[in-house]
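Asker: Quick one: the structure is below, and I'll ask about it shortly.
Residue numbers (this note's numbering), protein chains in the order written: chain A, 29 to 452; chain B, 29 to 452.
Pasting the structure below:
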C-alpha cells in the first residue's frame, strides 16, 4: 500500500489545508510526508480563548502524528522548509533533511503583518500561534498585576488601558473578551486597582467592524461590543505604536497593552516558488489549485489567492479545508488518468463571536445575532474540534466559565524571559 | 477589620508555606500582603505530570489572588523581593515597590542545585516551576521528533536515550513516566524511529532509589521501575554532563536528553536575612519558627532548617503547610498576649508514584506498594488539589490517559527561543 514505488506527496504545513489534504490521501497509492514547524495541529478559531485564559493549550491543539497515527501511508516530520527546488523537485529543511517529491502541496498559511511598521511588533503582538497566545496572555494578565502594584494614578491608568488594533473576527473576539475579564472575571480580586475601570479600545481604520459581514450585522456587532464595555473607534487609522501606547491621528492614547489584529501576510514560502505573488504575498493559483507552469505543485489555504465570481476566496478555515481536499482529489485523479472539475469554494456562512451571549452569524438567507448566534457559534465550534476528549473538556471549561464568570487558565509563564516587555 | 492601624504581615512566597500562613490569618486583626514572583500557587507534587504532558498548566496551578479573593485582609502582589532591611523592617521588590512590615514570613522555598556544576544547568534542566516543566516537555517531545528526522542510526539512538539524574521522588516519577511514554503513548505514531527502543536511565549516586523511604520500599520501587522498562543505576555518581550525554565514572553514555532531579538549594533570600545558614542555604529557625534574634521574622517551608527528634523536618508539602499555619498561630498569639507551644512536625507518611499502577507508600505502621499504593496516591492527590474544577478536570484527564495510554498535553511551544537546545 505504501511501498517505496508509490509517488511521494510532500505537504508543507499541518493547518486545516495541509491536514485535510493528508487525510484525503489516506486510501491512495501514494506516500505522504507532512512537514510542519510545530508538532501540533491548531484549532485556530479558538486561539483567542487561549490568549485570554479561557482554555489551555491542549484543549485546542493535538499532535499531528497522533491525528495521523492510523494512516499508514503518512509520515510526519517536525521541521521548517527553507528552500524549494522546482527543477530537481527537492526541498530542504532547517534540520538538515532533504526531501524529494513527486507532488508538493504548500499549505504554510499566513502570519500577521505590520504593513511596513515592523518596529510595532515588539509593542503590539499578533495572534497566530500558541506561542503568540501565551505571550498575549502574559501581557494582559501582567498588566492588571502592574496596575495593582502601581501607586501613581496616571501610570496605573495606562496599565488598565488595552488597545486592540483591527476589528476583524480576531480583534472583535479579543476586545469583547478583555472587557468581560475586566468587568467580571477579576472583580473583587484586586485591593488597589479597579479592573472595572479598565478601558478596552477597538480601533479600526475601515468604516465598520467585521467588514467581511453584511452591514446590518456589523452594526449589531458594534452595538453588542459597546454593551460589553468596549470603546469602538472605526474610521481611525493608527499612526504610531510604542511602549507608551498608540497614536490615532494627532491623539496619543496611553495604553501599556496593545494587541495587533489588523492584517496578515502570506507565509514567506510563497517566494521560494518563484511565481508571481499578489501584494499580500499570496500565490495566484490555477483552477486546479496548482501553480502556473508547475502542475505538480499545489498551493492551498491562506497562501493561495483565488478569485471566484469576482470575489476572492476568503482566508477562513472552511476554504482551507476545501482546498486541501481538492488538491488531494486532483492528485488522485491524475494518478488514475482522470480529470477533475475546477475548484469551487462553497460558502458555508460566517460566524463571529463577540463575548458572553454575543455573536453574529451570516448563513446566507438567515442572519442571526445576540444570544441565538452565540449558542450556534458554541455548538459549531465544539462539533468541529478534533477529538472526543477535547470536546468534553472544552464543554466542561465553558460551562464552568459561563456559570462562574471565571477563566481557568490565568497562569502567567515565561516572565523571566519576556522578549519585549516595555520597561516601567 | 483590616484598617491601616492593624499590624502588617508580609508573606514572601505563595507556595504551600506562604499560602497556608496567609489563610490562617484570615480572621486575625492584621493586614496581610502576599508577594510572589509568579501569579499562581502551584501544586508541585503534580508538576512532573505537566513536564511529561499528562496535565495542562491550569490543572495544577491557580492564581493566588483568585484563591484569596474572599479574604478581605489580604493583598496579593506580583514581584520579586531583592533586599530585606531588618532594622527598618522594610523590603524592596524588583518592580520598585517598597513595603514595611511588622511581621515577616519568608516562604520562598528552594530551587534545584547543581553542586558547583552550574554549567550542567543548560544540558540538564531541573523541575521546580511551570516554566521548567514546559522546557522539559519541549526537550522530551522534541527528542522523539529529532529521532524520527535523523537517518544516522547512532545519532538516532542518542536522541532516544534519556538520562534522569537523582532517584528521589521527582526522578522516579520522571523516569517511570518517560518509560511509559516511550513504550505505550508513542507506539505506532512514528514511521522511522521506534520509540520502544528508547532507553530510560535513572542514575543515583546513593545506594538506593527513594532514600527517604524504608529499604524494603526502595527495593520494591526499584523492581517496579525495572518492570516499566527503566534502567536503574544506583551507587553511580555523574562526573560530567554535556550536550552529548553523561559520564558515569569512566563510561560515557550518549543521551541527548538529560533531566536533573539530584538536589535542591534554598532560595537566595535566606542570605538577605543575615543569619547563619546551613550548607544547603537554609535558615536554622527557633522552635517558634522565628529567626534567631528577630522574633518578628519567621522562615517556613523548604527554606527553614529544623531538627526534630534528631532528624531534619523533611522538605515536603505537609511540612511547609504545617509550618505556615504555625507561624500564623504564633503571630495571633503574640497579638493576643498569649504564648504557643513549640512547632512540632506531624509526619503524615510518604508517598511516591512510579508509573501506571506502580507506587509505594509509607504510612508508619502500614506500608503499601504496587496497585493499591497507586490508587491511594491518586485519591490523595486529587483530594488535595485546590478547586473543584481542577479536581474534576484532572480526574477526567487521568481516566482518559488510563484507558487510552494517551497524554493529552503533547504540545511543544517555545521552540523558536529555546535557550540551550544542543546543536545537532
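Don't be surprised by glycine CBs; every beta carbon is placed ideally from N, CA and C.
Can we say the segment 44 to 60 of chain A touches the segment 320 to 329 of chain A, given the rule of at least three CB pairs closer than 8 Å?
Answerer: Contact between the segment 44 to 60 of chain A and the segment 320 to 329 of chain A is established, with three or more Cβ pairs separated by less than 8 Å.
Asker: Please decide whether residue 188 of chain A counts as near chain B, where near means a Cβ-Cβ distance under 9 Å.
Answerer: no
Asker: Flag residue 72 of chain A as yes if its beta-carbon sits less than 9 Å from any beta-carbon of chain B, otherwise no.
Answerer: no
Asker: Any chance the segment 286 to 304 of chain A sits against the segment 195 to 215 of chain A, with 3 or more Cβ pairs inside 8 Å?
Answerer: yes
Asker: DSSP beta-bridge partners for residue 189 of chain A?
Answerer: A/227
Asker: Grouping DSSP H, G and I as helix and E and B as strand, with all else coil, what is residue 335 of chain A?
Answerer: strand
Asker: Measuring CB to CB, does residue 176 of chain A end up less than 9 Å from residue 105 of chain B?
Answerer: Yes. Within cutoff.
Asker: Given this structure, state the Cα-to-Cα distance separating residue 172 of chain B from residue 221 of chain B, to the nearest angstrom.
Answerer: 8 Å
Asker: Hey, does residue 434 of chain A have any beta-carbon neighbour from chain B nearer than 9 Å?
Answerer: yes
Asker: Pick out the complete beta strand (DSSP E) segments inside the segment 322 to 398 of chain B, 3 residues or longer, and give them in chain order.
Answerer: 322 to 327, 378 to 383, 386 to 391, 394 to 397
Asker: Along the chain, where does the beta strand (DSSP E) that runs through residue 57 of chain A open and close?
Answerer: Unbroken run through residue 57 of chain A: none, as it is neither H nor E.
Asker: Closer than 7 Å, Cβ to Cβ, to anything on chain A: give me those residues from the segment 85 to 108 of chain B, in chain order.
Answerer: 85, 86, 89, 91, 93, 94, 97, 103, 105, 106, 107
Asker: Contact criterion: CB-CB distance below 9 Å. Does residue 68 of chain A meet it with respect to chain B?
Answerer: yes
Asker: Assign residue 422 of chain A to one of three DSSP states: helix, strand, or coil.
Answerer: helix
Asker: What beta strand (DSSP E) runs, 3 residues minimum, are completely inside the segment 118 to 203 of chain A?
Answerer: Correct list: 118 to 121, 126 to 128, 131 to 134, 138 to 140, 189 to 193.
Asker: Helix, strand or coil for residue 318 of chain B, going by three-state DSSP, please let me know.
Answerer: Secondary structure at residue 318 of chain B: strand, using DSSP grouped into helix, strand and coil.
Asker: Which partner residues of residue 436 of chain A appear in the DSSP bridge assignment?
Answerer: None, per the DSSP bridge assignment.
Asker: According to a CB-to-CB cut-off of less than 7 Å, which residues of the segment 121 to 140 of chain A neighbour chain B?
Answerer: Going along the segment 121 to 140 of chain A in chain order, one finds 123, 125 with a Cβ nearer than 7 Å to chain B.
Asker: Looking only at DSSP bridge pairs, what is residue 288 of chain B linked to?
Answerer: B/154, B/193
Asker: Output yes if chain B places a C-beta closer than 9 Å to the C-beta of residue 333 of chain A; else output no.
Answerer: no
Asker: If we count Cβ pairs, one from each stretch, closer than 8 Å, do we get three or more for the segment 348 to 360 of chain A versus the segment 312 to 324 of chain A?
Answerer: yes
Asker: Use the C-beta contact count for residue 84 of chain A: other C-beta atoms within 10 angstroms, 16 or more gives buried, fewer gives exposed.
Answerer: buried
Asker: Quick one: does residue 441 of chain B have its CB under 9 Å from some CB of chain A?
Answerer: Chain A has a Cβ within less than 9 Å of the Cβ of residue 441 of chain B.
Asker: Among A/210, A/32, A/110, whose alpha-carbon lies nearest the alpha-carbon of residue 299 of chain A?
Answerer: A/110
Asker: Using a beta-carbon distance below 9 Å, is residue 418 of chain A in contact with chain B?
Answerer: yes
Asker: Residues of the segment 357 to 387 of chain A in Cβ contact with chain B at a cutoff of 7 Å, in chain order, please.
Answerer: Answer set for the segment 357 to 387 of chain A: empty.
Asker: Could you check where the alpha helix (DSSP H) with residue 246 of chain B kicks off and where it finishes?
Answerer: 243 to 256
Asker: Would you decide whether residue 432 of chain B is buried or exposed? Buried here means 16 or more other CB atoms lie within 10 Å of its CB.
Answerer: exposed
Asker: What are the residues in the segment 167 to 185 of chain B lying within 7 Å of chain A by C-beta distance?
Answerer: 169, 173, 176, 177
Asker: Compare the C-beta of residue 428 of chain A with all C-beta atoms of chain B and state if any pair is closer than 9 Å.
Answerer: Cβ-Cβ to chain B under 9 Å: yes for residue 428 of chain A.
Asker: Can you tell me where the alpha helix (DSSP H) holding residue 39 of chain B begins and where it ends?
Answerer: Taken as a continuous stretch (DSSP letters only), residue 39 of chain B belongs to no alpha helix (DSSP H), being part of the beta strand (DSSP E) at 36 to 40.
Asker: When burial is assigned at 16 or more other CB atoms within 10 Å of the CB, is residue 135 of chain B buried or exposed?
Answerer: buried
Asker: What are the start and end residues of the alpha helix (DSSP H) that includes residue 308 of chain B?
Answerer: Neither: residue 308 of chain B is in no alpha helix (DSSP H) and is coded neither H nor E.
Asker: So residue 64 of chain A contacts chain B; which residues on that side make the cut at Cβ distance below 7 Å?
Answerer: Simply none; closest approach about 10 Å.
Asker: Return the chain-ordered list of same chain residues with a C-beta closer than 6 Å to the C-beta of residue 385 of chain A, the five sequence neighbours on each side being excluded.
Answerer: Close CB contacts of residue 385 of chain A within its chain, under the 6 Å cut and outside five residues either way in sequence, are with 399, 402 (chain order).
Asker: Using C-beta distances below 6 Å, list every residue in its chain close to residue 233 of chain A, excluding the 5 sequence neighbours before and after it, in chain order.
Answerer: For residue 233 of chain A, same chain residues with a beta-carbon under 6 Å away, outside a window of 5 residues either side, are 265 in chain order.
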